[in-house]
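If you read the sequences in order, they're chains A and B. If you read the first sequence in the numbering used here, its first letter stands for residue 8, the second for the next number, and so on. If you read the second sequence in the numbering used here, its first letter stands for residue 23, the second for the next number, and so on. Below is one structure, written out as structure tokens; comments come after it.
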Amino acid sequence: LETFVGHQVLRVRTSNEEQVKQLQLLESLEHLQLDFWINPSASAVPVDVRIPAASVQSVKAFLESHGIEYSILIEDLQDVLDQEKQDMARAAQR
Amino acid sequence: QRGTGFDFGTYHTLEDIYAELDHLASEYSFVEKIQIGQSYEKRPLYVLKFSTGGSNRPAIWLDAGIHSREWVTQASALWIANKIASDYGTDASVTSLLDHMDLFLLPVANPDGFVYTHTSNRMWRKTRSKIPGSVCYGVDPNRNWDAGFGGPGASKNPCSDSYHGPSANSEVEVRSVVDFIKSHGNFKAFLTLHSYSQLLMYPYGYKCTRPADYAELESLGRSAANAIKSLYGTTFQVGPICTTIYMAGGTTIDWTYANGVKYSFSLELRDTGRYAFLLPSSHILPTATETWPALLDIMVHVLEHPY
Numbered sequence: 008l009e010t011f012v013g014h015q016v017l018r019v020r021t022s023n024e025e026q027v028k029q030l031q032l033l034e035s036l037e038h039l040q041l042d043f044w045i046n047p048s049a050s051a052v053p054v055d056v057r058i059p060a061a062s063v064q065s066v067k068a069f070l071e072s073h074g075i076e077y078s079i080l081i082e083d084l085q086d087v088l089d090q091e092k093q094d095m096a097r098a099a100q101r
Numbered sequence: 023q024r025g026t027g028f029d030f031g032t033y034h035t036l037e038d039i040y041a042e043l044d045h046l047a048s049e050y051s052f053v054e055k056i057q058i059g060q061s062y063e064k065r066p067l068y069v070l071k072f073s074t075g076g077s078n079r080p081a082i083w084l085d086a087g088i089h090s091r092e093w094v095t096q097a098s099a100l101w102i103a104n105k106i107a108s109d110y111g112t113d114a115s116v117t118s119l120l121d122h123m124d125l126f127l128l129p130v131a132n133p134d135g136f137v138y139t140h141t142s143n144r145m146w147r148k149t150r151s152k153i154p155g156s157v158c159y160g161v162d163p164n165r166n167w168d169a170g171f172g173g174p175g176a177s178k179n180p181c182s183d184s185y186h187g188p189s190a191n192s193e194v195e196v197r198s199v200v201d202f203i204k205s206h207g208n209f210k211a212f213l214t215l216h217s218y219s220q221l222l223m224y225p226y227g228y229k230c231t232r233p234a235d236y237a238e239l240e241s242l243g244r245s246a247a248n249a250i251k252s253l254y255g256t257t258f259q260v261g262p263i264c265t266t267i268y269m270a271g272g273t274t275i276d277w278t279y280a281n282g283v284k285y286s287f288s289l290e291l292r293d294t295g296r297y298a299f300l301l302p303s304s305h306i307l308p309t310a311t312e313t314w315p316a317l318l319d320i321m322v323h324v325l326e327h328p329y
């Protein structure tokens, strides 16, 4: 079973087309193994991206170096998954 | 007597969902479970057909879960199936609808992916087909339709979550729906449920030009979005896929629209919190109940505007 310990989900807000292009570049960097929940398209639309633990620092550094604003949507994805699993187990028992 | 104890307010395995389809079909004479194909891993693709009679009546299609990790869609589809079945004969709109049209509902459009989300990787989005020459599996079934296939917004890389596949309709899950829609030949509306980000979209995705029916689709979309908002205040953005979210080739509703289904809509259901594909089960019933009036609004419009 694949675990997601340390995976974070960031919401990235771009303010111009140049920043959107930077995010599209980030999307193409396969070694980071990013999972875009909402892909970069237009500056008005926020981008949500799941980042494996090993890539979190690199991605944040990339965003900060380009002055791109972001916030953390999910601090640790595995915590949320564990909660979901518990809920399902409780529901099944019920 | 009803009473399997199926809890519409929690998430279920594929086995439990399929058992509930059997139950609904046995409980209501106008509901039938039909198999329209099987997945790559040979799981049946089941559709509930709601029909009160007639022959090849004009029909409405509804599907959920083509992206397997979007669990609230499969869960909502089951609630909606039960709602349609139980409201026939008591609710005037549903009764009128089913007295004149058939409704087909595919609650789990990507069963292999769905099982995989339960057993191996909760974040899995694609099908589970083996890609020749690649170590990676799966195709994004919402980039695999024969409309702007391989265009912008779809990846050529088999390891990508938005991989469009080796060719249009390469995925049997997609091809089964295509064959069914074509062989039926009388679908008037196609509604596909996705989740996350609260959008109600219509064609096009592969190009950023307005469809011929833009004015009507936009107006109907806004009306449906207002219906959603009326329950819990959930706000949906409305518009063509391309300008509302992003340009994407090979999407479902672009294909249906190109094939004559005027009322083609794709919905991205709620995430009012910050959970996305991990929307807690306490949100299932609110999500389903707020989505229902929007779907009914569209379906009644379809009934009242034959073409």
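Note that beta-carbon positions come from the ideal geometry of N, C-alpha and C, so glycine has one too. In this text, all values refer to a predicted model and were calculated from it rather than measured experimentally.
Buried versus exposed call for residue i [16 or more other C-beta atoms within 10 Å across all chains shown]
{"i": "TYR228 (chain B)", "result": "buried"}
{"i": "TYR138 (chain B)", "result": "buried"}
{"i": "TYR218 (chain B)", "result": "buried"}
{"i": "ILE371 (chain B)", "result": "Here chain B covers residues 23 to 329 and nothing more, so residue 371 (chain B) does not appear."}
{"i": "THR112 (chain B)", "result": "exposed"}
{"i": "HIS14 (chain A)", "result": "buried"}
{"i": "TYR159 (chain B)", "result": "buried"}
{"i": "VAL53 (chain B)", "result": "buried"}
Bounding residues of the beta strand (DSSP E) (the contiguous stretch that carries residue i)
{"i": "GLY59 (chain B)", "result": "53–60"}
{"i": "ASP124 (chain B)", "result": "124–128"}
{"i": "ASP55 (chain A)", "result": "54–58"}
{"i": "ILE82 (chain B)", "result": "81–86"}
{"i": "HIS66 (chain B)", "result": "According to the sequence as given, residue 66 (chain B) is Pro; it is not His. Unbroken beta strand (DSSP E) run through PRO66 (chain B): 66–72."}
Test item: CB-CB of residue i and residue j under 9 Å
{"i": "SER98 (chain B)", "j": "ALA310 (chain B)", "result": "yes"}
{"i": "LEU30 (chain A)", "j": "PRO59 (chain A)", "result": "no"}
{"i": "TYR224 (chain B)", "j": "ILE263 (chain B)", "result": "yes"}
{"i": "SER303 (chain B)", "j": "ALA98 (chain A)", "result": "yes"}
{"i": "VAL130 (chain B)", "j": "TYR68 (chain B)", "result": "yes"}
{"i": "VAL87 (chain A)", "j": "ILE79 (chain A)", "result": "no"}
{"i": "LEU222 (chain B)", "j": "PHE287 (chain B)", "result": "yes"}
{"i": "LYS148 (chain B)", "j": "ASP183 (chain B)", "result": "yes"}
Backbone secondary structure at residue i - three-state DSSP
{"i": "VAL137 (chain B)", "result": "helix"}
{"i": "LEU301 (chain B)", "result": "coil"}
{"i": "MET223 (chain B)", "result": "strand"}
{"i": "PHE43 (chain A)", "result": "strand"}
{"i": "THR35 (chain B)", "result": "coil"}
{"i": "LEU84 (chain A)", "result": "helix"}
{"i": "PHE209 (chain B)", "result": "strand"}
{"i": "TRP167 (chain B)", "result": "coil"}
{"i": "TRP146 (chain B)", "result": "coil"}
{"i": "ALA103 (chain B)", "result": "helix"}
{"i": "PRO262 (chain B)", "result": "strand"}
{"i": "ARG97 (chain A)", "result": "helix"}
Beta carbon proximity, residue i to chain B, threshold 9 Å
{"i": "ALA61 (chain A)", "result": "no"}
{"i": "SER50 (chain A)", "result": "no"}
{"i": "ALA98 (chain A)", "result": "yes"}
{"i": "VAL87 (chain A)", "result": "yes"}
{"i": "ILE45 (chain A)", "result": "yes"}
{"i": "ASP83 (chain A)", "result": "no"}
{"i": "ARG101 (chain A)", "result": "yes"}
{"i": "GLU37 (chain A)", "result": "yes"}
Residue-chain proximity (residue i, chain A), Cβ-Cβ < 9 Å
{"i": "ILE267 (chain B)", "result": "yes"}
{"i": "PRO163 (chain B)", "result": "no"}
{"i": "ASN143 (chain B)", "result": "yes"}
{"i": "GLY175 (chain B)", "result": "yes"}
Enclosing alpha helix (DSSP H) for residue i [first to last residue]
{"i": "ALA249 (chain B)", "result": "236–254"}
{"i": "SER35 (chain A)", "result": "24–35"}
{"i": "PHE287 (chain B)", "result": "Segment 285–291 is the beta strand (DSSP E) holding PHE287 (chain B); no alpha helix (DSSP H) there."}
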